[in-house]
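Residue numbers (my numbering): 53 to 133. For glycine and all other residues, C-beta sits at the position ideal for the given N, C-alpha and C.
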């Protein structure tokens, strides 16, 4: 099973983007995206550093809040995923 954490786009340079995933920044490819992506959008990223889907900002924030709640109960740190 795969758990994708919504990642917020911080910068875009052609088909590459810098995203924030649970406080960690990383570069990802936008080559698989079928729709335009802008700074501030949330995307899902698959293994291999490829963004593959844009997520509505309200749904992304809701998912992130739920994840914080679950992982805040003393389980694993979400950033270790």
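The C-beta distance from residue 62 to residue 107 rounds to 15 Å, too long to fall under 8 Å, and the pair is not in contact. Comparing C-alpha distances from residue 58 to each of 68, 76, 96 shows the shortest one belongs to 96. For the pair residue 103 and residue 84, the CB atoms are nearer than the 8 Å cut-off. Of the candidates 79, 72, 82, 77, 72 places its Cα closest to the Cα of residue 112.
Using a Cβ distance threshold of 8 Å, residue 82 and residue 74 do not count as a contacting pair. Here DSSP, grouped into helix, strand and coil, assigns residue 105 to strand.
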